[in-house]
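Undergrad: Heads up: the protein sequence lines correspond to chains A and B, in order.
Quick note on our numbering: the first sequence kicks off at 206 and runs consecutively.
Quick note on our numbering: the second sequence kicks off at -13 and runs consecutively.
Okay, handing you the structure first.
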Amino acid sequence: MSGGSILPLLLALGLAPLLLGVINRTKAAVAGRVGPPLLQPYHDLRKLMAKGAVYSRTTSWVFRAGPVIGLAAVVVAAALVPLGAPALVAFPGDLLLFVYLLALARFSTVIAALDTGSSFEGMGASREVTFSTLAEPALLLALAAIARKTGSLSLSTMLPHVTVGVWAQAAPPLALVALALLVVFLAENGRIPVDDPATHLELTMIHEVMVLDHGGPDLACILYGSALKLWLFGALLIGLALPVHSGHRWLDAGAPALGMLLLAVLTGLVESSMARLRLLSVPRLLVGAGVLSVLALLLVLR
Amino acid sequence: MLLLLLALGFLVGGGVAALLTQASPRWSTLLGVGGAVAGCGLGLIPAAGILLGQPVRSLRVAWDVPYGAFFVQIDALSAFFLLPIFGLSALAAIYGAEYMRAYRDGKSAGVSWFFFDLLVASMAMVVVARNAVLFLVAWEVMALASFFLVTFQDEEESVRSAGWTYLVATHLGSACLLALFILLGRGTGSLDFDRFTASSGVGLLFILAMVGFGSKAGFMPFHVWLPEAHPAAPSHVSAVMSGVMIKTGIYGLVRTLTFLGPLPAWAGWLLIGVGVTSGVLGVLFALAQHDLKRLLAYSSVENMGIIALGLGLGLIGLRVGSTSLAVLGFAGGLLHVFNHALFKGLLFLGAGSVLHATGTRDLEELGGLLKRMPWTGLTFLTGAMAISGLPPLNGFVSEFLLYLGAFGAVASLASGAAVPALVVIAGLALIGGLALACFTKAFGVVFLGAPRGRHTARAHAAGPLMRISMQTLAAGCLLIGMFAPMVVRALAPLLEQVTRLPPDRVRLELTHATGPLGWVTVCALGLIALATVLTALRRGALSRRSVDLATTWDCGYGQPGPRMQYTASSFAQPLTDLFRPLLGTRPTASLPQGLFPRAASFSTDTPDLYRERLYRPIFGGIARTLSAFRWLQHGRVQLYVLYIGLTLLVLLVWKLGEP
């Protein structure tokens, strides 16, 4: 239960915005455009950090604290997720702290959105809490299935326990878990088919509309936080789906990093080839993910 | 023990003194509150002492009642419940001293404080009584004192109706308890708790306890009185009722478990089933409410469900012989009892401050109060985060213990324990998500945005006495969250008593929880440090740049008004629509018509499903059947005397007929 390597945290903090760059570049390539540079998200963050701020007169300190608490919670959550090496902090039950730190980030974003008194942001906040309510059981049940298969309660020990051998022995439940995690990954990060990160000011949005009134360094915190969150859910998925545990340090660290880039390309392809679901259909998708997790559990409980 | 009796004396004495001096509101408030605070302060000393390891104290005095004895005892279980009873009641009394000033005209403060002090004393008596007769007397005094507190504003029809619902519900529960105690005492012919034996029919006894104590605890479907009675009472009384009084139901259930010995496997399943139902439906109904205090009352049903989940896990752990699951389940459930007392007490006091300041509990009329009531807002936010189970506050700690037990069972136990553990995980996850939705709504709609109605215009900050009670409770939420390992370690004597496992074993299993909780504390400190650094950086960066104020971005529409904000109902609408089959939310709309439509309105109403579909038909049927006998009741005294005479004659003849 002691500390591990700082490498996964540094990778997450450093490379998370790159993931967005890769997704956008993939989408552009599929659409036949050149697309923004790979490092554009970094430029955006730097630009926002250098700006001043405009606050609504309706808002209070809650609006200013929201982005800061949200980012801090996601960064601490990043210290719990392994990628190629054990996470900085690992203990039995760290997966629960991970889930609840993300809930804390969501709570702060939602109340900051409600602080503006705008119906747009209220709408986004309402949808956010609705969909995450359904995504949370799917995520926890998926993690419970992995815990059952590996007999471990810590992300840093359970994910490395899913080896090629375990996959060979229990491929169907693990595939179901991976699929459920993919849906949660897309839903929690506001990607197509649940939400469209490319649109602004459209009534169908969730995450983007909640942060309409934020600007400058606050918006930079929010964008960086959501990039990190994308990376973290991706790291869970890659840790499960890409079981490279050769014992060779650089291979073990390099393969998942490459896997993350592949996941970003895959996300870009999904976004290019699918339309966003109607809002009323999103709950079905999320409940479907929960059902996949339950099925996986039934298989591993036998 | 002497201190406890002295504490009870102060409480009863303070109450009687308040009643005697009711001509002067100032004196009766001073004496009533003084008695409550002094009594609670004295009572906390022995309770804390026992929890810190002092030996169990008991006192038995002969009592001239058949089967009765004045037999009281403080053991770890009693002390654990005494702590929130005295702690929260003292703070609620301090708060009430200021809160009740608004009712000074036309209402007697003395009567209200008399019943308040009596309620606190009877709750304490309930958890220390060791004789069934004494227990039932204290139980009834508790029910009646709270009934009179609920009907404080008896000029309102809704309050009277809530009071009657409560009175009926609590007595139906008491009837089951009477049967339970008689069955338990039948073996030895004594109603002292230490001589109880569960000779036969453990299952029946468990069901009786679940109904009798569950109706006080607010387990579904016995919760119907709770969302009626708790909002009707003055807010500091709501805090005590929701925070600690319903916990006496949990206490009774846990105490009964110690009499019953090993239970069949379905007992754990029943508790988990009740827990998931109460938890999910409780929070769903809370989400659908427009009345702030009613929302909080339904959320109490939810939290009782979480406690039931913990007790159920613990029973299943004992059943399958997994000490880890047993210890973590009971630890999580019982710690949640304490935690819920803190944050629900806090939230009710916050709701009371809002009601006090604005005169309304209707969420659709509120908004933007954070600027007018900064402390109430901050403490309410702390309570809302704690009840949503967010780190680093106390709600997370108890839910973490439950999750840890359940995940451990899923990871390593056979399916007999793993399947119920999975149900608990799925239930807790859903409850957690819904609670977050419910309390972002409660805090966001009341305190954030722009005011929605005219009520908020004259809102004023809470006074010093009200503020300090809320601040203390909020600090408690944070402290338990940050010092979680120590708090959990201190539960060891309690868990030894409840699980009847060897002390070493309990301590060993608890280290499996305190280790991770230590890391949670480290992460929480990291979180706070990081947030502080980020805030400083942001402030530093913005200090040299332009920071402007403007209106909220309105998408080009020039005149956004407060009425255009998202309302409480619209915020909850996606979820209430999704769960419509479980909620039965009824929309009422008058749609705009014609070319130049004028008024249009839309509102939703979510009545309690059990009340509408289950109890109303049953009680309606009973009333119809019994109305056939109404001709017996005509109000003529002579004929009533005749009834008595006839009855005596019949009995006499019957007695003579016997050989």
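C-beta atoms are modelled at their ideal positions from N, C-alpha and C, and glycine is treated no differently.
Go through the stretch 503 to 583 of chain B residue by residue and report every complete run of the alpha helix (DSSP H) that reaches 4 residues or more, in order.
TA: With a minimum length of 4 residues, the continuous alpha helix (DSSP H) runs that stay inside the stretch 503 to 583 of chain B are 554 to 564, 566 to 569.
Undergrad: Should the stretch 338 to 354 of chain A be regarded as contacting the stretch 400 to 418 of chain B, the criterion being three or more beta carbon pairs within less than 8 Å?
TA: Yes: the two stretches touch, three or more of their Cβ pairs being nearer than 8 Å.
Undergrad: Shortest alpha-carbon distance to B/Ala337 belongs to which of B/Gly375, B/Arg453, B/Tyr389?
TA: Along the second sequence, one-based indexing puts residue 337 of chain B at 351. Taking only the C-alpha atoms, the option nearest B/Ala337 is B/Arg453.
Undergrad: Do we get a CB-CB distance below 9 Å when we pair B/Ile411 with the residues of chain A?
TA: The count along the second sequence starts at 1 and reaches residue 411 of chain B at position 425. B/Ile411 counts as touching chain A.
Undergrad: Listing by chain order, which chain A residues have their CB less than 8 Å from the CB of B/Lys202?
TA: As a first step, residue 202 of chain B must be located in the second sequence, where it is residue number 216. Those within 8 Å of B/Lys202 in chain A number zero; the least Cβ separation is about 30 Å.
Undergrad: Spell out whether any CB of chain A is found under 9 Å from the CB atom of B/Asp348.
TA: The count along the second sequence starts at 1 and reaches residue 348 of chain B at position 362. No - not a single Cβ of chain A is within 9 Å of the one on B/Asp348.
Undergrad: Any beta carbon from chain B within less than 9 Å of A/Met206's own beta carbon?
TA: Position 1 of the first sequence holds residue 206 of chain A. Bear in mind that the predicted position of A/Met206 carries a pLDDT of just 40, short of 50, making it too unreliable to give a figure here.
Undergrad: Classify A/Ser207 as buried or exposed, calling it buried when 16 or more other Cβ atoms lie within 10 Å of its own Cβ.
TA: Translated into positions along the first sequence, residue 207 of chain A becomes position 2. Note that A/Ser207 scores a pLDDT of 44, beneath 50, so its modelled location is shaky; the value from the coordinates is reported in the next line. So A/Ser207 ends up on the exposed side.
Undergrad: I need the boundaries of the beta strand (DSSP E) containing B/Leu45, first residue and last residue.
TA: By one-based count along the second sequence, residue 45 of chain B stands at place 59. Here the beta strand (DSSP E) through B/Leu45 covers 43 to 48.
Undergrad: Ordered along the chain, which non-local residues of its own chain (more than five positions away) have a Cβ less than 6 Å from that of B/Ala225?
TA: For the purposes of this step, residue 225 of chain B is identified with residue 239 of the second sequence, where counting begins at 1. Counting only Cβ-Cβ distances below 6 Å, and skipping sequence neighbours, we find Ala78, Gly331, Phe334, Leu335.
Undergrad: Let me know if B/Tyr629 comes out buried or exposed under the rule of 16 or more other beta-carbons within 10 Å of its beta-carbon.
TA: Position 643 of the second sequence holds residue 629 of chain B. Exposed, because fewer than 16 other Cβ atoms sit within 10 Å of the Cβ of B/Tyr629.
Undergrad: Is A/Asn394 helix, strand or coil when you go by DSSP?
TA: In the first sequence, the residue the question calls residue 394 of chain A occupies position 189. Coil at A/Asn394, not helix or strand.
Undergrad: Of all the residues that make up the stretch 246 to 262 of chain A, which are near chain B by a beta-carbon distance shorter than 9 Å?
TA: Result list: Met254, Ala255, Lys256, Gly257, Ala258, Val259, Tyr260, Ser261, Arg262.
Undergrad: Which of helix, strand or coil does DSSP assign to B/Thr590?
TA: In the second sequence, counting from the first residue as 1, residue 590 of chain B sits at position 604. Reduced to three states, the DSSP call for B/Thr590 is strand.
Undergrad: Indicate whether the contact test is met: 3 or more Cβ pairs, each with one atom in the stretch 245 to 260 of chain A and one in the stretch 292 to 309 of chain A, closer than 8 Å.
TA: The stretch 245 to 260 of chain A, when compared against the stretch 292 to 309 of chain A, does not touch it at the 8 Å Cβ threshold.
Undergrad: May I have the straight-line CA-CA distance separating B/Phe133 from B/Asp103, to the nearest angstrom?
TA: Looking up residue 133 of chain B in the second sequence gives position 147. Looking up residue 103 of chain B in the second sequence gives position 117. About 13 Å.
Undergrad: Are the Cβ atoms of B/Val474 and B/Thr500 separated by less than 9 Å?
TA: Counting from 1 along the second sequence, the entry for residue 474 of chain B is found at position 488. Counting from 1 along the second sequence, the entry for residue 500 of chain B is found at position 514. Yes, these two residues count as a Cβ contact at 9 Å.
Undergrad: Please report whether the beta-carbon of A/Phe296 lies at a distance below 9 Å from any beta-carbon of chain B.
TA: For the purposes of this step, residue 296 of chain A is identified with residue 91 of the first sequence, where counting begins at 1. Closer than 9 Å: yes.
Undergrad: By the three-class DSSP mapping on this structure, what secondary structure does A/Val259 have?
TA: Position 54 of the first sequence holds residue 259 of chain A. Three-state result, A/Val259: strand.
Undergrad: First and last residue of the beta strand (DSSP E) that includes A/Ile211?
TA: Position 6 of the first sequence, counted from the first residue, corresponds to residue 211 of chain A. A/Ile211 -> no beta strand (DSSP E), and no H or E assigned at all.
Undergrad: Against chain B, with Cβ distances strictly below 9 Å, would A/Val382 count as a contact?
TA: Your numbering for residue 382 of chain A matches position 177 in the first sequence. No, no contact with chain B.
Undergrad: Do B/Gly265 and B/Gly291 have their CB atoms nearer than 9 Å?
TA: Counted from its first residue, the second sequence places residue 265 of chain B at position 279. Counted from its first residue, the second sequence places residue 291 of chain B at position 305. In contact: B/Gly265 and B/Gly291 (Cβ atoms closer than 9 Å).
Undergrad: What first and last residue would you give for the alpha helix (DSSP H) that runs through B/Ile71?
TA: Residue numbering aside, residue 71 of chain B sits at position 85 when the second sequence is read from its first letter. Element bounds for B/Ile71: 62 to 85.
Undergrad: Measure the alpha-carbon distance for B/Leu581 versus B/Ser587 and round it to whole angstroms.
TA: By 1-based counting over the second sequence, the position of residue 581 of chain B is 595. By 1-based counting over the second sequence, the position of residue 587 of chain B is 601. Spanning the two alpha carbons is a distance of roughly 17 Å.
Undergrad: With three or more C-beta pairs closer than 8 Å as the rule, is the stretch 106 to 114 of chain B touching the stretch 253 to 269 of chain B?
TA: Segments in contact, no.
Undergrad: Against chain B, with Cβ distances strictly below 9 Å, would A/Asp401 count as a contact?
TA: For the purposes of this step, residue 401 of chain A is taken as residue 196 along the first sequence, with counting starting at 1. No - not a single Cβ of chain B is within 9 Å of the one on A/Asp401.
Undergrad: Starting from A/Thr338, trace the alpha helix (DSSP H) both ways and give me its first and last residue.
TA: As a working mapping, residue 338 of chain A is identified with position 133 in the first sequence. Taken as a continuous stretch (DSSP letters only), the alpha helix (DSSP H) holding A/Thr338 covers 324 to 355.
Undergrad: Please name the residue in B/Leu(-9), B/Gly303, B/Val58, B/Gly449 whose C-alpha comes closest to that of B/Ser401.
TA: The residue labelled residue 401 of chain B in the question sits at position 415 within the second sequence. Per the Cα distances, B/Gly303.
Undergrad: Is the Cβ of A/Glu341 closer than 9 Å to any Cβ of chain B?
TA: Taking the first sequence and counting its residues from 1, the one referred to as residue 341 of chain A is at position 136. True, the Cβ-Cβ gap to chain B drops below 9 Å.
Undergrad: Locate the alpha helix (DSSP H) running through A/Pro365, then write down its first and last residues.
TA: Counting from one through the first sequence, the residue named residue 365 of chain A turns up at place 160. Run containing A/Pro365: 360 to 366, per the alpha helix (DSSP H) assignment.
Undergrad: Could you give the distance in angstroms between the alpha-carbon of B/Leu153 and the alpha-carbon of B/Lys202?
TA: The sequence position of residue 153 of chain B within the second sequence is 167, counting from 1. The sequence position of residue 202 of chain B within the second sequence is 216, counting from 1. So the alpha carbons of these two residues sit roughly 11 Å apart.
Undergrad: Name, please, each residue of chain A whose Cβ falls closer than 8 Å to the Cβ of B/Pro548.
TA: One-based indexing of the second sequence puts residue 548 of chain B at position 562. Chain A residues near B/Pro548: Gly322.
Undergrad: How many Å lie between B/Phe615 and B/Leu158 at the Cα?
TA: For the purposes of this step, residue 615 of chain B is identified with residue 629 of the second sequence, where counting begins at 1. For the purposes of this step, residue 158 of chain B is identified with residue 172 of the second sequence, where counting begins at 1. Spanning the two alpha carbons is a distance of roughly 22 Å.
Undergrad: Would you list the one or two residues that DSSP bridges to B/Ile58?
TA: Position 72 of the second sequence, counting from 1, holds the residue named residue 58 of chain B. A small correction: the amino acid at residue 58 of chain B is Val; Ile does not occupy that position in the sequence shown. B/Val58 is bridged to B/Leu45, B/Ala115.
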